[in-house]
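Q:
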Amino acid sequence: MGSISEFLAMGGYAAYVWPAFGVAAVVLVGFVISTLRTLRARERALAAREGADHAETGGERTA
Amino acid sequence: MANLHKFANPTLFLRLSRALLPWCVGIAVVTMAVGLYLGLFVAPPDYQQGESVRIMYVHVPAAWMALFVYTLMAVASAVSLIWRHLLADLVAKAAAPLGAGFTLIALATGSLWGKPMWGTWWVWDARLTSVLILFFLYLGHIALTHAFDDPGRGARAAAILALVGFVNVPIIKFSVDWWNTLHQPASVLKLGGPAIHPTMLWPLLLMAVAFTFYFIALLFLRVRGEIAARKLRALQLARAAR
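Line by line, the protein sequences give chains A and B. In terms of numbering that gives the first Met the number 0, the first sequence is residues 0 to 62. In terms of numbering that gives the first Met the number 0, the second sequence is residues 0 to 241.
1) Helix, strand or coil: which one does DSSP assign to G25/B?
2) Please tell me whether S76/B has its Cβ less than 7 angstroms away from any Cβ of chain A.
3) Which chain B residues sit within Cβ distance under 9 angstroms of E42/A?
4) Going by the DSSP bridge assignment, what does G49/B pair with across the sheet?
5) Expressed to the nearest angstrom, what Euclidean distance is found between the alpha-carbon atoms of L217/B and T211/B?
6) Assign D149/B to one of two classes, buried (16 or more other C-beta atoms within 10 Å of its C-beta) or exposed (fewer than that).
7) So what's I195/B in DSSP terms, helix, strand or just coil?
8) In the region 1–29 of chain A, which residues sit with their C-beta less than 7 angstroms from some C-beta in chain B, listed in chain order?
9) Compare the C-beta of I271/B against all C-beta atoms of chain A and say whether one is closer than 7 angstroms.
10) Return the chain-ordered list of same chain residues with a C-beta closer than 7 angstroms to the C-beta of V24/B, the five sequence neighbours on each side being excluded.
11) Exposed or buried, D176/B, counting other C-beta atoms within 10 Å across all chains shown (16 or more means buried)?
12) Does the region 115–128 of chain B come close enough to the region 169–185 of chain B to have 3 or more Cβ pairs within less than 8 angstroms?
13) From the DSSP output, in three-state form, read off S4/A for me.
14) Taking only three categories from DSSP, how would you classify L39/B?
15) Considering only the beta carbon of each residue, do S79/B and A161/B sit closer than 7 angstroms?
16) Using a beta-carbon distance below 7 angstroms, is R36/A in contact with chain B?
17) Go ahead and pull the three-state DSSP assignment for H84/B.
18) To the nearest whole angstrom, what separates the beta carbons of L143/B and G153/B, a pair I think is in contact under 8 angstroms?
19) Taking buried to mean at least 16 other C-beta atoms within 10 Å of its own C-beta, is Y69/B buried or exposed?
Written as structure tokens, this is what we have:
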């Protein structure tokens, strides 16, 4: 146990080292989540639009 | 020229990015895992800075990416302005928030490193100030991209900002040599080879590779999202015109 708490203490710099890694993790993970969410929402909207246009024009190709 | 346009074709981009995405994710995950392990457990504490030196393993790769992403945006902006290429616009638009994110990480971790080492969270010296300006250039690019109803006009305005602002990139790189600063000079990318021990250089390089492939993977996904948004917009305009 001693070695784990020693590791977490970071030689007295825990208050600086862990927030630094934390900030990086939050930003990097946040971009993954927001990117995937936006991509899925747009692809769903596009598929719905294409489906509706297809139905309206009776299968005729639109722009 | 014909070749360049072939590669900038969205259909080809979609095919290529789909094929490369799993490799980018795999490389990013593996190098980040090994880099974190080496950086946190194997690399020794610095003889002057103690354990606080481990902040370097996120701070330096993030700062490199902040410059790399901006350089990529400047190239994409030049391509966009000269050849009016849609994909170049979408790349610049998709990259800007990621670049701002890397710059934010560099600034925040630098502050967290500066407090115990320099005794201050912030100092208005050449390196820190020029990186803060880089952050504002990214924010300005994002704002300009969204400032017009016509996405083409927004992209053009943002491209001009990206090109004009590129002058800041060499200023950041050489700021530690040109001016007196608290920030230490380059220890990896310098003439005569890296002045850093391999036990510290390896985790640093692995983290840099991880950040690079993380960025490429996310850029692929975000450009895919931008292509979908443009297609949707085109369909909506066509529908409104009917």
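For every residue, glycine included, the Cβ atom is placed at its ideal position computed from N, Cα and C. Keep in mind that this is a model prediction, so the values were computed, not measured.
A: Considering the structure as presented:
1) helix
2) no
3) R223, G224 and A227
4) D45/B
5) 10 angstroms
6) exposed
7) coil
8) M9, G10, Y12, Y15, V16, P18, A19, F20, V22, A23, V26 and L27
9) No information on residue 271/B is available, as it lies outside the stretch 0 to 241 that chain B covers here.
10) A216
11) exposed
12) yes
13) helix
14) helix
15) no
16) no
17) coil
18) 6 angstroms
19) buried
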